[in-house]
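Heads up: the protein sequence lines correspond to chains L and D, in order.
So the first sequence is numbered by this note's numbering: it starts at 1 and just counts up by one.
So the second sequence is numbered by this note's numbering: it starts at 1001 and just counts up by one.
Cβ atoms here follow ideal geometry from the backbone N, Cα and C, with glycine treated the same way.
There are 2 protein chains.
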Amino acid sequence: MASSSTHPLRHSVRDVARLAGVSVATVSNVMNRPDVVTAATQQRVQAAMDQLGFVRNRAAAQLRGSQSLSVGVVVLDVGNPFFTDVARGIEDRVAEDGGMVSICSTDEIMEKEARYLRMLQEQGARGILVIPAAAKLRHLEEIARRGTPIVLLDRASRSVDLCAAAVDDVRGGELAAAHLLGLGHRRIAFLNGPSSIRQCVDRRRGAARAVRAAGLDPDEVLVDIQASSPKADGAEPAIEVLREWPQPPTAIMCVNDLLATGALRALLRRGLRVPADMAIVGYDDIEFVSLISVPLTTVRQPKYQLGYTAADLLLSETQPDHRHRQVLLQPELVVRASTGIAQRRSASGDADMAGSALASSLDGVS
Amino acid sequence: MASSSTHPLRHSVRDVARLAGVSVATVSNVMNRPDVVTAATQQRVQAAMDQLGFVRNRAAAQLRGSQSLSVGVVVLDVGNPFFTDVARGIEDRVAEDGGMVSICSTDEIMEKEARYLRMLQEQGARGILVIPAAAKLRHLEEIARRGTPIVLLDRASRSVDLCAAAVDDVRGGELAAAHLLGLGHRRIAFLNGPSSIRQCVDRRRGAARAVRAAGLDPDEVLVDIQASSPKADGAEPAIEVLREWPQPPTAIMCVNDLLATGALRALLRRGLRVPADMAIVGYDDIEFVSLISVPLTTVRQPKYQLGYTAADLLLSETQPDHRHRQVLLQPELVVRASTGIAQRRSASGDADMAGSALASSLDGVS
DNA sequence: AAGGAGAGTTGATACGTTACAATCGACTGC
DNA sequence: GCAGTCGATTGTAACGTATCAACTCTCCTT
């Protein structure tokens, strides 16, 4: 009675039709257009399905013309907590439309990206959400032209005609810097990562913008220091460098939370108080920064919402009147202990005091 | 020239065949059995494919009998860092076989689980890795019988004939407790979560086993305290309870790291020193516990390996001589500052001193 | 009472691919 | 030179479903 050979116990619509005493067309109608079928036949067919344990073959359905259920998500690494939250947002939106999500970690390897993109196309995916590994986006446009909608994740682009959803990193940098400026800081170290990463560049740019908005000169207020790695221990050497400065900063703005954590540890180890001697701002609001000894002020990204919005854009691609859109989501400043409560400092007064505290403590350690 | 109506610019093997001047069978052979095709024709066909931008239709291929590319992963919540690492292990193993992973978060809602399981079956998934939401596993066995292999994740079960990969939580609890016992602790609080969760029960059981192995009585050494929630702030009330005890513990063993973090904070806030006055052991080794003020001793689970192994089991299901296996992976103790270095304590000497330190500090706070 | 409308149902076809059996040459061994 | 062999290629029949035009009834209209 079973039809397929690969799945020994799997029945087809034909089996159901025979058992219910109807045609296969009616069985199909029960599944796809129940409104045209009498309630009575509907029940009869449903009963037959249940009795046989019928599961419909999506491959066949899809071949005949309907859409696939799945949406591809091509990212750097699902293991990364940032993408994880984004992925969850995507999944929830896609589930609303009865779909599911295929996860693809590229590890920033072009061949893996290419391989996954191809598989998703072959599979007839409903669409692909992608954080591109490279700057080039031509191949993505090509894929979209070929019928598989593409939405850029966390990467807006004016040069490309695709939908995109991203978080405004310039704005995030601006928020963080404005906060520090508001607290009176006039000399701020910017602990940055590799300038090949867009986020690093944008956040730095935002900080400069905030400084200018305060009527100050970025070149005087912001001093750049480079992390040796984007992880926590990448901050250590950078902090060490501070001692060489004649006019040390009173605050450190870090391009991500891990670096901020490392900076915090490095400072505490040198006997400095945070935020009294040095304020710290992070970026990302990863879960635990509220739990560490000095809870971190940081910039929170609407990660879940980013995913949800991106998926929403993707699912709207099918609509006939669709026009590509680029959505920019806004980050949010989360103030915690590492920057202390607002207090005015004169540009050269308290700030210098804090500076000398650093200098002496660094001397003491070395 | 294009054949499909859904994808306007999509060509079929027929188009490729025509352009290359061969039959469709040859085109198919080039893709699936290149060894039977001349190098010359192979090139010609490949050129035609490239020129047309041909992408093969997996739905059709699958319908004709071949396997789907994707493996389903049905878990509680992809957002959870534990699953995230597991997922990555799965993805890597599946990718080795040229597949990809479909992610499904059930949020422990039975209907969502059922819906996803059905979709995966319909889609003809290569198999499903699942952390079951409920105790009942009959429906999973049924699915496996119907031809979609199932592997239980982080949940062994003797009553069910399925493959399974899990981490030995009993052993993990034993490791942690044995470590504390080895340091001389003779009164250990076990900060537990809801007993409806298998992990909580198993870890507690492992602790008891370690105590017995040391020739002691679990009822005297272990004292159970219940967290009000499985998150960090769930520890606070539990710590508060300690003050009421005539004979306070010298160590706290927590069922997960978040609770341990909360416990640490609660203790520090009361002026206690960790580990001098009270040792703490966590469980999970989530990323940041090495970064907090007192780095946490904890039990690390081989998460990635769990995923990798489970996927490996799944992919081996297809082999004709397959027999279901239940793999139990071993956790690992990671010793950090929160338990200090080994030091002998007499059962009633130093331990009591630590105990009284707690008692007085608790008096001072309240 | 004849005709028509409309609601349910159905037979047949196409979707794109695969793999089997069949075909076609060319070449080997005798 | 001929039967036999082997390698390369091809025609074709599925796979399970969705859709459309066609068909059958029933019931209403005139």
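Could you tell me which chain L residues have their CB closer than 8 Å to the CB of residue i, listed as they occur along the chain?
i         : result
D:Asp1085 : Gly79
D:Gln1062 : Ala59
D:Ser1070 : Ser70, Ser102 and Gln123
D:Val1055 : Arg118, Gln121, Glu122 and Arg146
Determine the DSSP secondary structure at residue i, reduced to helix, strand or coil.
i         : result
L:Asp284  : strand
L:Asp50   : helix
L:Glu332  : strand
D:Ala1164 : strand
D:Ala1207 : helix
L:Gln226  : strand
L:Ser293  : coil
D:Met1100 : strand
L:Gly65   : coil
D:Leu1009 : coil
L:Met31   : helix
L:Asp15   : helix
L:Gln247  : coil
L:Ala279  : strand
L:Val71   : strand
D:Thr1038 : coil
L:Ile252  : strand
D:Thr1026 : helix
L:Val327  : strand
D:Thr1318 : coil
L:Val274  : coil
D:Arg1158 : coil
D:Val1078 : coil
D:Arg1146 : coil
D:Ala1020 : helix
D:Arg1058 : helix
Rounded to whole angstroms, how far is the Cβ of residue i from the Cβ of residue j, which I believe are closer than 8 Å?
i         : j         : result
D:Leu1329 : D:Thr1309 : 7 Å
D:Val1241 : D:Ile1188 : About 15 Å separates the two Cβ atoms, so there is no contact after all.
D:Gly1262 : D:Ala1235 : 3 Å
L:Ala48   : L:Val94   : L:Ala48 to L:Val94, Cβ: 31 Å. No contact.
D:Leu1069 : D:Arg1056 : About 12 Å; that fails the 8 Å criterion.
D:Pro1132 : D:Leu1140 : 7 Å
D:Asp1154 : D:Pro1331 : Not a contact, Cβ separation roughly 12 Å.
Measuring CB to CB, does residue i end up less than 9 Å from residue j?
i         : j         : result
D:Ala1178 : D:Val1327 : no
L:Leu202  : L:Gly173  : Leu is not the amino acid found at residue 202 of chain L; the sequence shown has Asp there. Contact flag set, yes.
D:Lys1303 : D:Gly1089 : yes
D:Leu1259 : D:Arg1300 : no
D:Cys1104 : D:Val1074 : yes
L:Ala337  : L:Val281  : no
L:Ala156  : L:Ala164  : yes
L:Arg265  : L:Ala311  : no
D:Leu1315 : D:Val1071 : yes
L:Asp124  : L:Gln199  : One point to set straight first is that residue 124 of chain L is Gly, not Asp, in the sequence displayed. Result no, Cβ atoms of L:Gly124 and L:Gln199 do not sit closer than 9 Å.
D:Glu1091 : L:Val13   : no
L:Val211  : L:Asp217  : yes
L:Gln46   : L:Val30   : yes
D:Thr1084 : L:Thr84   : yes
L:Leu76   : L:Glu108  : yes
L:Asp277  : L:Leu267  : yes
D:Ala1251 : D:Leu1180 : yes
Ends of the alpha helix (DSSP H) at residue i?
i         : result
D:Glu1108 : Segment: none, D:Glu1108 is in no alpha helix (DSSP H) and carries neither H nor E.
L:Thr339  : L:Thr339 -> no alpha helix (DSSP H), and no H or E assigned at all.
D:Gly1173 : Asp1169 to Gly1182
D:Ile1197 : Here D:Ile1197 belongs to no alpha helix (DSSP H), and DSSP marks it neither H nor E.
Along the chain, where does the beta strand (DSSP E) that runs through residue i open and close?
i         : result
D:Asn1192 : Ile1188 to Asn1192
D:Ile1150 : Ile1150 to Leu1153
L:Ile128  : Gly127 to Val130
Listing by chain order, which chain L residues have their CB less than 7 Å from the CB of residue i?
i         : result
D:Phe1288 : Phe288
D:Glu1111 : Per Cβ cutoff of 7 Å: no residues; D:Glu1111 is ~12 Å from chain L at best.
D:Thr1297 : Those do not exist, as D:Thr1297 stays about 17 Å from chain L at its closest Cβ, beyond 7 Å.
Just to make sure I have the definition right: I need the residues of chain D whose C-beta is within less than 8 Å of the C-beta of residue i. Which are they?
i        : result
L:Glu332 : Within chain D, no residue comes near L:Glu332; the closest Cβ sits about 19 Å away, beyond 8 Å.
L:Ile252 : Within chain D, no residue comes near L:Ile252; the closest Cβ sits about 17 Å away, beyond 8 Å.
L:Leu329 : Going along chain D, no residue has its Cβ under 8 Å from L:Leu329, so there is no contact; the nearest lies around 18 Å.
Is it the case that the CB of residue i approaches a heavy atom of the ligand MN more closely than 8 Å?
i        : result
L:Ala266 : Here there are no bound small molecules, and the ligand MN is not part of this structure.
Find the residues of chain L that neighbour residue i, judging by a C-beta separation of less than 9 Å, and give them in chain order.
i        : result
D:Tyr941 : Past the boundaries of the shown model lies residue 941 of chain D; chain D is included only from 1001 to 1366, so the question cannot be answered.
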